[in-house]
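Asks:
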Amino acid sequence: MMAKRIVGFFLGAACVALCAAGPAGAAEQMSIEEAVAEALRSNPAVTGADAEVAASREALTSARADRLPTLSAGYYWTNHNREPIQKSAWGTFPAGYKEEAGWDVQLVQPLFSGYALKTAHDLARLGVDTEELNRRETLQQLALSVRQACHRLLLAKRLQTVAEDEVISLTSHRRVAVVNHDQGLIPLNDLLKAEVALAEAVQNRNLAESETDKARISVNRLLHRDPFEPLAIADRHAPPIWAQSSAELEALAVTRRPLVALLRLGIRQATLGETAAKSAYYPRVDLVGRYAKAGDGPIPDDNVFTHSDSASITLQASWTLWNWGKTGANAAEQAQRRRSVQASLADAEAAVKQDVQNALLDRAVALKNITTAEQSRAQARENWRITRVQYDQQVATSTDVIDARTYLTSADSNYYQALYAYMDALAVLDYATGKPVVRPAAGENSSGMNGDGYLSAGVGK
């Protein structure tokens with residue numbers, strides 16, 4: 015029954031939205047899923063997340079290159095103030111050119127680094143995974159923010175309509191009160207009460223208009239639009255009814271939430287960090303190949319003092335034998351970091367489960383409040399009708415009319431607040447369970463959601 019009522023509300027809202035399209039030049043209506051898709055395409059936070067992913071991939075390329083041979087070249091040119099000589103018991107002999115130059119090409123291939131290079135490569139690959147998860151979290155947070163901002167805008171417009179209705183009602187009541195006072199049917203203080211109530215209603219309407227503008231600016235900011243660009247969000251679809259049990263939703267949250275996945279990656283990163291630190295216990299071995307040429311002039315060609323060119327292959331090893339416990343301390347640091355992340359992971363799993371429970375509780379409260387608000391709204395409308403008839407028959411006072419209108423305004427406001435609180439609870443539940451948000455391709459409006467702006471996976475209607 016509740017699902018049918020909610021469906022009826024949103025179908026009715028669709029009719030109102032379509033009939034109230036407004037004059038030429040008014041903002042084109044946009045569904046919530048279209049707003050999410052536009053935000054995923056244009057919001058700067060997404061651009062920043064993409065850049066971080068690209069940066070991590072470049073870091074992976076750099077780490078991969080560290081394991082491959084490196085080629086370098088060098089050149090030197092020297093002009094001595096006098097020609098080099100070599101002195102001996104038999105005399106003085108030339109030992110080099112007054113002007114000499116040389117160049118060399120060197121190729122270095124790492125052979126063994128105590129697993130430091132391999133570990134660095136694995137850490138860089140995890141860095142890409144980390145940024146991918148950060149981007150997924152950014153998309154999910156943005157989708158949630160847009161949906162909640164749209165709900166606030168829709169609610170603000172509903173409350174603005176309620177406030178405008180109250181002004182219309184109290185304006186009519188004041189007009190009747192003026193006539194009745196002029197005819198001596200009511201005292202002056204009854205007329206003054208009508209004046210004060212109308213003034214307060216006008217103030218509330220002005221406040222409601224301001225809140226609508228603020229909500230529209232908030233949505234435009236998320237869509238990366240001009241703050242004052244016209245924007246209309248359509249209520250056209252009923253929200254889904256969740257089919258999964260609480261335990262199933264908690265399992266989804268633990269499995270799919272980027273926060274939990276990031277901490278699991280953090281444990282692997284700390285483990286690899288410990289391996290990288292321990293690599294300092296081992297020697298580093300490189301194979302070096304070198305070809306060099308030296309001679310006279312800026313471009314060496316001939317050399318009468320030694321070989322004009324030479325080639326060599328060197329097996330080069332270095333080993334740090336003592337560094338006052340630095341290597342062990344670095345390894346212990348990473349081990350402690352792993353323990354810290356493990357503890358954080360346990361807390362995060364409990365936290366995401368709590369997020370699911372909070373969203374389910376909010377949804378349950380909203381559903382109960384919708385039922386209560388529907389009954390209260392019907393009662394307030396009937397009370398408003400009866401009170402106006404009684405006032406016309408001089409049975410009720412101006413205070414009774416104002417109170418009845420206040421009750422109706424409150425009942426309408428509570429009804430719409432409960433409806434959009436329910437929508438918000440579903441949006442938060444989507445986020446809490448880590449439902450993926452699919453970015454639309456260029457020119458597409460799809461955001462991986464169904465027609466009402468909520469992910470269709472795992473939803474029973």
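Positions in the sequence shown are counted from 1; adding 14 to them yields our numbering. Note that beta-carbon positions come from the ideal geometry of N, C-alpha and C, so glycine has one too. Bear in mind that the values here come from a model prediction, so they are computed numbers and not experimental data.
(1) Is the distance from the Cβ of aspartate 118 to the Cβ of alanine 306 below 8 Å?
(2) Apart from the five residues just before and just after glycine 39, which ones in its own chain have a Cβ nearer than 6 Å to its Cβ?
(3) Shorter than 8 Å from the beta carbon of threonine 320 to some beta carbon of chain C?
(4) Taking the beta carbon of tyrosine 468 as the centre, do at least 16 other beta carbons fall within 10 Å, making it buried, or is it exposed?
(5) Compute the Euclidean distance between the alpha carbons of histidine 94 and tryptophan 104, then round it to the nearest angstrom.
(6) In angstroms, rounded to a whole number, what distance separates the CA positions of serine 332 and leucine 301?
(7) Among the candidates Ala213, Asp310 and Arg352, whose CA atom is the shortest distance from the CA of arginine 282?
(8) Return the chain-ordered list of same chain residues with a C-beta closer than 6 Å to the C-beta of arginine 298, the five sequence neighbours on each side being excluded.
(9) With distance defined between alpha-carbon atoms, name the residue in Leu206, Thr289, Lys449 and Ala394 nearest to proline 272.
(10) Would isoleucine 231 pass as a contact of methionine 44 if the rule is Cβ separation under 8 Å?
(11) Would you identify the three-state DSSP class for threonine 127, choosing helix, strand or coil?
(12) Would you call the CB atoms of alanine 222 and leucine 263 closer than 8 Å?
(13) Please list, in chain order, all residues of the same chain as valine 160 whose beta carbon is under 8 Å from its beta carbon, the five residues on each side excluded.
(14) State yes or no: is the C-beta of glutamine 348 within less than 8 Å of the C-beta of alanine 291?
(15) Taking the continuous beta strand (DSSP E) assigned at serine 224, which residues delimit it?
(16) Ordered along the chain, which non-local residues of its own chain (more than five positions away) have a Cβ less than 8 Å from that of glutamine 407?
(17) Write down every uninterrupted run of the beta strand (DSSP E) in the region 130 to 204 whose length is 3 residues or greater and which is fully enclosed by it, in chain order.
(18) Return the CA-CA distance between glutamine 389 and proline 244, expressed in angstroms with no decimal places.
(19) DSSP three-state call for isoleucine 46: helix, strand or coil?
(20) Going by other Cβ atoms of all chains shown within 10 Å of its Cβ, with 16 needed for buried, is lysine 367 buried or exposed?
(21) Roughly how many angstroms separate the alpha carbons of aspartate 426 and alanine 441, rounded to a whole number?
(22) Buried or exposed: arginine 399, going by 16 or more other Cβ atoms within 10 Å of its Cβ?
(23) For the alpha helix (DSSP H) containing tryptophan 398, list its first residue and its last residue.
Replies: Answer, in terms of the structure:
(1) Counting from 1 along the sequence shown, the entry for residue 118 is found at position 104. Counting from 1 along the sequence shown, the entry for residue 306 is found at position 292. Yes, these two residues count as a Cβ contact at 8 Å.
(2) Taking the first residue of the sequence shown as 1, we reach residue 39 at position 25. Only weak support is given to the placement of glycine 39: the predicted model assigns it a pLDDT of 46, under 50, and the value that follows is read from those uncertain coordinates. Shown here for glycine 39: not one same chain residue has a beta carbon closer than 6 Å to its own, the five before and five after excluded.
(3) Absent from the structure is chain C; it holds one protein chain and no more.
(4) Your numbering for residue 468 matches position 454 in the sequence shown. For tyrosine 468, the predicted model reports a pLDDT of 42, less than 50, meaning its position is unreliable and no value from the coordinates is stated.
(5) Here residue 94 refers to the residue found at position 80 of the sequence shown. Here residue 104 refers to the residue found at position 90 of the sequence shown. One C-alpha to the other measures close to 24 Å.
(6) Indexing the sequence shown from 1 puts residue 332 at position 318. Indexing the sequence shown from 1 puts residue 301 at position 287. The alpha-carbon separation between serine 332 and leucine 301 amounts to approximately 12 Å.
(7) Stepping through the sequence shown from its first residue, residue 282 is reached at position 268. Measuring from the Cα of arginine 282, the nearest candidate turns out to be Arg352.
(8) Numbered from 1 along the sequence shown, position 284 holds the residue referred to as residue 298. For arginine 298, where only same-chain residues beyond five positions count, the Cβ hits under 6 Å are Ser127 and Ser332.
(9) Position 258 of the sequence shown, counting from 1, holds the residue named residue 272. Measuring from the Cα of proline 272, the nearest candidate turns out to be Lys449.
(10) Here residue 231 refers to the residue found at position 217 of the sequence shown. Here residue 44 refers to the residue found at position 30 of the sequence shown. In this structure, methionine 44 does not lie closer than 8 Å to isoleucine 231 by Cβ.
(11) Taking the first residue of the sequence shown as 1, we reach residue 127 at position 113. Inspection of the sequence shows that residue 127 is occupied by serine rather than by threonine. Looking at serine 127 - three-state DSSP - the assignment turns out to be coil, as it is neither helix nor strand.
(12) Here residue 222 corresponds to residue number 208 of the sequence shown, with the count starting at 1. Here residue 263 corresponds to residue number 249 of the sequence shown, with the count starting at 1. Taking 8 Å as the cut-off, the Cβ atoms of alanine 222 and leucine 263 do not count as close.
(13) Looking up residue 160 in the sequence shown gives position 146. Excluding positions up to five away in sequence, the list reads Ile46, Ala49, Val50, Ala53, Val233, Leu236 and Leu237.
(14) Numbered from its first residue, the sequence shown carries residue 348 at position 334. Numbered from its first residue, the sequence shown carries residue 291 at position 277. Cβ distance < 8 Å, so glutamine 348 and alanine 291 count as in contact.
(15) Counting from one through the sequence shown, the residue named residue 224 turns up at place 210. First-last for serine 224: 202 to 236, but that is the alpha helix (DSSP H), not the beta strand (DSSP E).
(16) One-based indexing of the sequence shown puts residue 407 at position 393. Within the same chain, and ignoring the five residues on either side of glutamine 407 in sequence, no residue has its Cβ closer than 8 Å to its Cβ.
(17) Listed in chain order, there is nothing to give.
(18) If you number the sequence shown from 1, residue 389 lands on position 375. If you number the sequence shown from 1, residue 244 lands on position 230. Roughly 35 Å between the two C-alpha positions.
(19) Position 32 of the sequence shown, counted from the start, is the residue given in the question as residue 46. Isoleucine 46: helix per DSSP, three-state reduction.
(20) To locate residue 367, count along the sequence shown from 1; it is residue 353. It is buried - the Cβ of lysine 367 has at least 16 other Cβ atoms within 10 Å.
(21) For the purposes of this step, residue 426 is taken as the residue at position 412 of the sequence shown. For the purposes of this step, residue 441 is taken as the residue at position 427 of the sequence shown. Looking at the two C-alpha atoms, the distance is approximately 23 Å.
(22) Counting from one through the sequence shown, the residue named residue 399 turns up at place 385. Arginine 399 should be labelled exposed.
(23) Mapped onto the sequence shown, residue 398 falls at position 384. Taken as a continuous stretch (DSSP letters only), the alpha helix (DSSP H) holding tryptophan 398 covers 340 to 406.
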